[in-house]
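A.B. asks: Numbering (the working numbering), first residue to last: -14 to 152.
(1) Please confirm whether residue 98 and residue 118 have their CB atoms less than 7 angstroms apart.
(2) Quick check for students: name the residue ranges of the beta strand (DSSP E) that lie wholly in the segment 59 to 117, counting only runs of 3 or more.
(3) If you count every other CB in all the chains shown that lies within 10 Å of the CB of residue 26, and 16 or more means buried, which is it?
(4) Let me check one thing: in DSSP terms, what residues is residue 124 bridge-paired to?
(5) Can you name the residues that DSSP bridges to residue 119?
(6) Given a threshold of 16 other Cβ atoms within 10 Å of its Cβ, counted over all protein chains shown, does residue 82 qualify as buried or as exposed?
(7) Is it the case that the Cβ atoms of residue 126 and residue 89 are separated by a distance below 7 angstroms?
(8) Out of 74, 36, -9 and 108, point me to the one whose CA is closest to residue 2's CA.
(9) Can you give me the Cβ contacts of residue 22 inside the same chain, cut-off strictly under 7 angstroms, excluding the 5 residues immediately before and after it?
(10) If residue 17 and residue 59 are in contact, beta carbons under 8 angstroms, what's the gap, nearest whole angstrom?
(11) Could you check if residue 24 is buried or exposed, using at least 16 other CB atoms within 10 Å of its CB as the buried criterion?
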């Protein structure tokens, strides 16, 4: 039942058209719209890993014809279109619901990893909890209504963090 409301909102935001236009620019054999829709429904209705979301895809009213490989392949593509998607959603929300960005709220939070392995996004950084595992910071901006305007993930730079927390 909840998927009906999500599907209505998904279509109201013109997400199928957005993903179709993005796929025309690229050479992929899977349907990015269908993958994104499944991942979105799964994240909202039954938060779990990508693998679990795939394994539970038959629990939804809609039939998703995606493979586990298409889900994993789509992640790098979604990273590439993140800015375009955020811009599209901002325009749609502004057009349909009116968006008041005269005041924008901003927050930053850290994500920790169980692994000690670092890469170009996650590094060991300063943490209030004194953790020694890699972290990534996420920034989120929301409008007056509490709707997301945009987000970004970034590497923790210890010197900047140190300066931000000086009295």
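Glycine is no exception: its CB is placed at the ideal position from the N, C-alpha and C atoms.
C.D. replies: The answer reads as follows:
(1) Contact: yes.
(2) Within the segment 59 to 117, the complete beta strand (DSSP E) runs of at least 3 residues are 90 to 97.
(3) The Cβ neighbour count for residue 26, taken over all protein chains shown within 10 Å, is at least 16; the residue is labelled buried.
(4) Note: residue 124 is bridge-paired with 93 and 137 in the DSSP secondary-structure output.
(5) Per DSSP, 109.
(6) Residue 82 comes out exposed.
(7) Contact: yes.
(8) For the residues 74, 36, -9 and 108, the minimum Cα distance to residue 2 belongs to 74.
(9) Same-chain partners within the cutoff: -5.
(10) Their Cβ separation, rounded to whole angstroms, is 6 angstroms, which keeps residue 17 and residue 59 in contact under 8 angstroms.
(11) Residue 24 comes out buried.
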